[in-house]
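Engineer:
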Amino acid sequence: MIFVIIVTVCLGVFSKKIAAKSKGGQYLRSALKGNMALMASLVLVAALFLFSGAAIHSNAADTSATAETQSEQSNSSAEGMAYLAAALSTGLATIGAGIAVAVAGSAALGAISEDSKLLGKTLIFVGLAEGIAIYGLIISIMIINKV
């Protein structure tokens, strides 16, 4: 796993040097494709380790554990998924809010530069865009409270 990370970083540095030397983008495209392939393989390996841990532990539990420990493991797996859902709801909501604020903020800035009386109206739209992140945070708090 560490090897893949080191190779990915080295390929990124190598592609930066190639970009400085080459006038066209052919070498840069191939370096970018290699970097993306290594990153995709890293994500797949991480996902395998993430989701295969429950299967390994459940096989070991079948041979030497009781039903009580199996229910504890399923509860810990459910807790992990709940925390993952809370993190995803907050993260994706803030990404969406960032995109919305970028679009609404630039439009508001253009409108204010033409007519300064529109300041209050444009702030409402930027505030509504920021509300998306707050909704994501509220959902993640509700998920964590259920655990």
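Reminder that position 143 of the sequence shown reads as 143 in this note's numbering, one-by-one numbering, no gaps.
Ideal Cβ placement from N, Cα and C applies to all residues, glycine included.
Please read all numbers here as calculations on a predicted model, not as lab measurements.
1) Could you tell me whether the stretch 90 to 107 touches the stretch 128 to 147, using the rule of 3 or more Cβ pairs below 8 Å?
2) For Leu32 and Val45, what's the separation of their Cα atoms in angstroms?
3) Which term fits Val101, buried or exposed, when burial requires 16 or more other beta carbons within 10 angstroms of its beta carbon?
4) Taking the C-alpha atoms as reference points, what is the distance between Ala86 and Thr122?
5) Please name the residue, chosen from Val103, Ala82, Gly34, that lies closest to Met142 on a Cα-to-Cα basis.
6) With burial defined as no fewer than 16 other Cβ atoms inside 10 Å of the residue's Cβ, what is the status of Ser113: buried or exposed?
7) Once you ignore the five residues that flank Gly98 on each side, which residues in its own chain have a CB closer than 7 Å to its CB?
8) Drop a sphere of 10 angstroms on the beta-carbon of Ser106, count the other beta-carbons inside from all chains shown, and report buried for 16 or more, exposed for fewer.
Structural biologist: For this structure:
1) yes
2) 20 Å
3) buried
4) Rounded to the nearest angstrom, the two C-alpha atoms are 31 Å apart.
5) Ala82
6) exposed
7) none
8) exposed
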